[in-house]
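Structure record follows, encoded as structure tokens.
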Amino acid sequence: MFQLKFDETKCFACETNDCLTKCQYLKIDPDTAKIEIKKIINKKDSFVLHECVTCYACEEYCPTGNHPFYLIVQRQEELNILPLPDPLIKRGIRIGIPFRGEPDIQEIKGPALNLGVFSSLATLTRGKLFEGLTLMSADSRKMFHYFCQLMYLHFGRISVINERLEKIIETIAAHKVKEVVHFHDECYGTYTSYAPAFGFAVPFKSIHLFEYLYNRLKELKSEIKPLNFKVAYQRPCSSRLSSDKYQFVDKIFDLIGAEHVKREYVGENALCCGGTILGQKKKGSRQFSLDLQKKNIDDMQRAGAQICVFNCPACMQTIGKPVAKKGMMPVFMSDLCRLAIGEKTS
Amino acid sequence: MDAVYQALVKIVGEDYASNRPEELFTYSKDLGTSEPKFPDYVAAPKTAEEVQKIILLANKKKVPVVPLGGGMSLAGLALPLQGGIALDLKRMDQIIELNEKARYVVVEAGISNGKLTAYLHKHYPHLMHSEPGAPPAATIGGNIAIHGQGDMAHPYGFNSDMVNGMEVVLPTGEICKFGSCSIGSGWYTLHPLPDIGLFLGWNGSTGIITKISLRLFPCKKIREMDLFVVEDEGLIPDLLYELTHVGMAEDLIAFTSAIPPFMDGVHHISMNITGDTEEEMEFKRHLLLDGKLARYIQDGTGGIGAVSQDIQRPQISKSADWKKGGGFEYVGSIMPVTAYPECYRRGAEISTRHNIPYTVLGRVIGSAHAMMFSWSYAFNRADPETVRHAREALHETDSLVLELGGTIWKPAVFGQKLMMDRMDSNTLQMMKKVKNLLDPNGIMNPGNWEVNE
Ligand SMILES: Cc1cc2nc3c(=O)[nH]c(=O)nc-3n(C[C@H](O)[C@H](O)[C@H](O)COP(=O)(O)OP(=O)(O)OC[C@H]3O[C@@H](n4cnc5c(N)ncnc54)[C@H](O)[C@@H]3O)c2cc1C
Ligand code: SF4
Ligand code: SF4
Numbered sequence: 010m011f012q013l014k015f016d017e018t019k020c021f022a023c024e025t026n027d028c029l030t031k032c033q034y035l036k037i038d039p040d041t042a043k044i045e046i047k048k049i050i051n052k053k054d055s056f057v058l059h060e061c062v063t064c065y066a067c068e069e070y071c072p073t074g075n076h077p078f079y080l081i082v083q084r085q086e087e088l089n090i091l092p093l094p095d096p097l098i099k100r101g102i103r104i105g106i107p108f109r110g111e112p113d114i115q116e117i118k119g120p121a122l123n124l125g126v127f128s129s130l131a132t133l134t135r136g137k138l139f140e141g142l143t144l145m146s147a148d149s150r151k152m153f154h155y156f157c158q159l160m161y162l163h164f165g166r167i168s169v170i171n172e173r174l175e176k177i178i179e180t181i182a183a184h185k186v187k188e189v190v191h192f193h194d195e196c197y198g199t200y201t202s203y204a205p206a207f208g209f210a211v212p213f214k215s216i217h218l219f220e221y222l223y224n225r226l227k228e229l230k231s232e233i234k235p236l237n238f239k240v241a242y243q244r245p246c247s248s249r250l251s252s253d254k255y256q257f258v259d260k261i262f263d264l265i266g267a268e269h270v271k272r273e274y275v276g277e278n279a280l281c282c283g284g285t286i287l288g289q290k291k292k293g294s295r296q297f298s299l300d301l302q303k304k305n306i307d308d309m310q311r312a313g314a315q316i317c318v319f320n321c322p323a324c325m326q327t328i329g330k331p332v333a334k335k336g337m338m339p340v341f342m343s344d345l346c347r348l349a350i351g352e353k354t355s
Numbered sequence: 329m330d331a332v333y334q335a336l337v338k339i340v341g342e343d344y345a346s347n348r349p350e351e352l353f354t355y356s357k358d359l360g361t362s363e364p365k366f367p368d369y370v371a372a373p374k375t376a377e378e379v380q381k382i383i384l385l386a387n388k389k390k391v392p393v394v395p396l397g398g399g400m401s402l403a404g405l406a407l408p409l410q411g412g413i414a415l416d417l418k419r420m421d422q423i424i425e426l427n428e429k430a431r432y433v434v435v436e437a438g439i440s441n442g443k444l445t446a447y448l449h450k451h452y453p454h455l456m457h458s459e460p461g462a463p464p465a466a467t468i469g470g471n472i473a474i475h476g477q478g479d480m481a482h483p484y485g486f487n488s489d490m491v492n493g494m495e496v497v498l499p500t501g502e503i504c505k506f507g508s509c510s511i512g513s514g515w516y517t518l519h520p521l522p523d524i525g526l527f528l529g530w531n532g533s534t535g536i537i538t539k540i541s542l543r544l545f546p547c548k549k550i551r552e553m554d555l556f557v558v559e560d561e562g563l564i565p566d567l568l569y570e571l572t573h574v575g576m577a578e579d580l581i582a583f584t585s586a587i588p589p590f591m592d593g594v595h596h597i598s599m600n601i602t603g604d605t606e607e608e609m610e611f612k613r614h615l616l617l618d619g620k621l622a623r624y625i626q627d628g629t630g631g632i633g634a635v636s637q638d639i640q641r642p643q644i645s646k647s648a649d650w651k652k653g654g655g656f657e658y659v660g661s662i663m664p665v666t667a668y669p670e671c672y673r674r675g676a677e678i679s680t681r682h683n684i685p686y687t688v689l690g691r692v693i694g695s696a697h698a699m700m701f702s703w704s705y706a707f708n709r710a711d712p713e714t715v716r717h718a719r720e721a722l723h724e725t726d727s728l729v730l731e732l733g734g735t736i737w738k739p740a741v742f743g744q745k746l747m748m749d750r751m752d753s754n755t756l757q758m759m760k761k762v763k764n765l766l767d768p769n770g771i772m773n774p775g776n777w778e779v780n781e
């Protein structure tokens, strides 16, 4: 029913094949990239399908707005080349099943705040920054009704997303919301990138948390006291689906007087937190994930970061502790902004 | 005025003896499916001498005495089945001695696991005891009286194997010591004196344990839990065999449950991994995850279930919440590890028959010498029908344990009878002799391990 709109002709005319040549995990030269992308388009086996660590980055690398990563995942599913062991896939698919009652649908006037599946983050959404936003649901028993499902891109399971997403959109729309601020990049990416790519109608406007925070901080500018911290930012995989919003990271840092340290693995070169790679089937994945984390964290430290800023709870869970062990404080972006306006954080 | 009550007041003081109905009511229930059983008196002694006096009184008056620790054993084991004195031991909660270098602690038996853990955490953070997954109010005495197991069961076995010495008030009132402490030496070993310890596993029916010397173990600074996940329950025995060969985990538990849905039919093995340095942690993880488990990961049958989490102690069951009303009770068993697949399948069948979401787990004891396999049944306390179902499921499971070649752990009276019916007749005779010799008036927790019926 929902089909990926992928324009093959763009690939055939593509001169750079950036999607694969820029990939930080597969070392692919331009000639090989041309061959492999064709294989993938033609539903043929390609080593890319086996070796992809599902970092989402090629969605950003593609200069034409084609959807190479969605295509890769679709082919992984069609050819049964799954990145994770079977029990993790079975368990993962079931994680998204709501099992504690129906959502409590209340009409929301004005802009809403969607936490997606992370109802536990409700404690982060206090204070002046979030005044005027209505929390759609912070009930941990109901959170799966708001789960955007995009996680299944790591599981080689486009079909699960496509089966469930319409219902999730319906649930959000039932609140009669016109504008939704998504706390997590993954939700924002779902409604602004994945949904149009597969033909899902989304009857509300999505706002990225960072754009919202930036605008709100501007309104509260007189209350900002520059933080004077050196910060690194851990970019989540799903932010690759909304690279136009990445600019707000620096805009926020500038506004609150945080110095974004210069380092190697930043922006387009950002490294995955390693959370999903840890469990992948490919030989040596766990060690690879640890090495990757070390490379990333050492880089932050070398650059002199005092704080590592997160937006994704999964990244926080994966490398929050190792970052702290290296003497950098792990902090959510929203908390950093709250600190800047003199609020106590969670 | 009631003479027994008066005598109890004289022994423990007015504040610590009662025959008031509202207090008897509190002591008439436990958390499980058992019918309420009212004691006639409650007494909370502070010393072994007070316990002794109460025992002498009980013998004189032929009144039953039922020792009570935290009352968390669930199966009605500390309920006064035949009335008498509920002997609440929670005031006997002192830490008497801690020998750091010999790694043992001497405690009064009514000390809670929570108190001991907190004490060690504060004063001796590099030492720990093997803490059961029970709520922290569970006592050390109650736990060893039922052969409990804690989060160091894989390297060191049953908690009752970690006893270095005991002081016991016998059913006839003598205060008796066992182990090196009995010859005036330190409390550092139970062996090599002749084995006359006849109190572990007896549910308090052969005496009241008043002091215990418990082994302590190195407590590593970094303490994390890793998860390994498989779909095929048939793989669990092999996995546990492999993991115990490596011997790098502190605790190994295989579990699954119907709720939440992602757990259903997916078997998780939690591995507590600890170390003083990151290098030690990674060394252990490397041996476990990149060594023994690698082939399961690569052939896609098993996977690393999550990023390592800090260990939560105790790991308390959430399954009480599966049904509205917050009740649960479980059958525990000591089983060969090879029985895991059958235990899971047959247990899930029983649960389905009684409309209860299944929750099962197997904790490894020793080098997979056995496991404590448990089946939990949730019920709504306010709904007698669900209580009936849970009770029936518990009874069916008791029979299942024996059918599968296991031994029921901390059996309720029903399970005790099942086992005694099957017991070798000479063994049963020996139990009778022990019981009758130690407790000639049959006052100690009557109804439990009732060999004379
Ligand atoms: C959620 C949950 C999880 C649990 N997990 C575990 C686990 O992981 N491992 C485990 O071993 N158990 C577990 N249990 C079972 C039980 O709670 C523990 O074994 C607990 O330590 C029992 O101690 P208690 O003080 O509550 O004993 P009680 O229930 O008070 O007593 C148990 C029995 O011992 C007798 N007794 C009590 N004190 C003495 C004494 N000083 N001398 C002689 N007899 C005495 C009582 O008469 C009774 O027969 C769990 C229970 C729950 C509810
Ligand atoms: S997906 Fe984009 S970058 Fe890759 S070949 Fe096609 S057009 Fe080029
Ligand atoms: S998702 Fe990441 S790893 Fe996979 S091909 Fe794209 S850039 Fe490479």
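Protein chains in written order, with the numbering used here: chain A, 10 to 355; chain B, 329 to 781. The beta-carbon is built from N, C-alpha and C at its ideal position, and this holds for glycine as well. Here the structure is a predicted model, which means the values were calculated and not measured.
Residue state for A:Tyr34 is assigned as coil, using DSSP reduced to three classes. Per DSSP, the beta-bridge partners of B:Ala414 are B:Val370, B:Val394. Straight across, the Cα-Cα distance linking B:Met747 with B:Lys651 is about 31 angstroms. Contacts with chain A (Cβ-Cβ distance below 9 angstroms) from the segment 605–637 of chain B involve Glu606, Glu610, Arg613, His614, Leu617, Asp618, Ala622, Tyr624, Ile625, Gln626, Asp627, Gly628, Thr629, Gly630, Gly631, Ile632, Gly633, Ala634, Val635, Ser636, Gln637, listed in chain order.
Between B:Ser661 and B:Ile581, the CB-CB gap reaches or exceeds 7 angstroms.
At a Cβ-Cβ threshold of 7 angstroms, A:Pro235 and A:Gly266 count as neighbours. When the five nearest sequence neighbours on each side are left out, the beta carbons in the same chain lying within less than 7 angstroms of the beta carbon of A:Ser215 are those of Val189, His191, Tyr197, Tyr200, Thr201, in order along the chain. Pairing A:Gln12 with A:Leu287, the inter-Cα distance amounts to about 30 angstroms. Taken atom to atom, the span from the alpha-carbon of A:Pro96 to that of B:Phe656 is near 29 angstroms.
In the displayed model, A:Lys176 falls within a helix according to three-state DSSP.
Between ligand 2 and the CB of A:Thr327, the shortest heavy atom gap is not smaller than 6 angstroms. Taking the Cα positions, B:His449 is about 8 angstroms away from B:Leu455. Following the DSSP letters along the chain, one finds A:Pro322 inside the alpha helix (DSSP H) bounded by residues 322–334.
Residue environment for A:Ile106: exposed (fewer than 16 other C-beta atoms within 10 angstroms of its C-beta).
Remark: the C-beta of A:Phe78 is in contact range of ligand 3, defined as less than 6 angstroms to any heavy atom. Exposed is the label assigned to B:Gln640, since fewer than 16 other Cβ atoms lie within 10 Å of its Cβ. No residue range can be given for A:Met337, since it is assigned to no beta strand (DSSP E) and is classified by DSSP as neither H nor E. Rounded to whole angstroms, the gap between the alpha carbons of A:Leu144 and A:Phe156 is 15 angstroms.
Taken through DSSP and simplified to helix, strand or coil, B:Pro483 comes out as helix. Assigned with DSSP and collapsed to three states, B:Val594 falls in coil, not helix or strand. Rounded to the nearest whole angstrom, the CA to CA distance from A:Thr327 to A:Leu222 is 25 angstroms. Straight across, the Cα-Cα distance linking A:Glu220 with A:Glu68 is about 20 angstroms. In the three-state DSSP reduction, B:Gly438 falls in the coil class, being neither helix nor strand.
Spatial neighbours of A:Glu87 in its own chain (CB-CB distance under 7 angstroms, excluding positions within 5 residues in sequence) are listed in chain order as Lys52. Taking 7 angstroms as the cut-off, the beta carbon of A:Ile114 is found no closer than this to the beta carbon of A:Ala210.
B:Gln334 and B:Ser541 have their C-alpha atoms spaced approximately 34 angstroms apart. Using beta-carbon distances, A:Ile170 does not count as an interface residue toward chain B, since no partner is under 7 angstroms.
For the pair B:Lys338 and B:Ile537, the Cα-to-Cα distance works out to about 22 angstroms. DSSP places B:Ala345 within a strand segment (E or B) once states are collapsed to three. Fully enclosed alpha helix (DSSP H) runs of no fewer than 4 residues occupy 56–60, 66–70, 77–87, 95–104 of the segment 43–114 of chain A, in order along the chain. Taking 8 angstroms as the upper bound for CB-CB distance, A:Asn320 and A:Leu162 are not in contact here, some 18 angstroms apart. Taking C-beta separations shorter than 7 angstroms and ignoring five residues to either side along the sequence, the partners of B:Lys357 in its chain run Pro364, following chain order. For B:Pro589, the residues of chain A that pass the 7 angstroms Cβ criterion are Arg103, Ile106, Phe108, in the order they occur in the chain. The set of residues with a C-beta under 5 angstroms from any non-hydrogen atom of ligand 2 comprises A:Lys19, A:Cys20, A:Cys23, A:Asn26, A:Asp27, A:Cys28, A:Ile46, A:Cys71, A:Thr73, A:Asn75, A:Pro77, given in chain order. In the structure shown, the three-state DSSP call for B:Val692 is strand. The DSSP-derived three-state label of B:Phe611 is helix.
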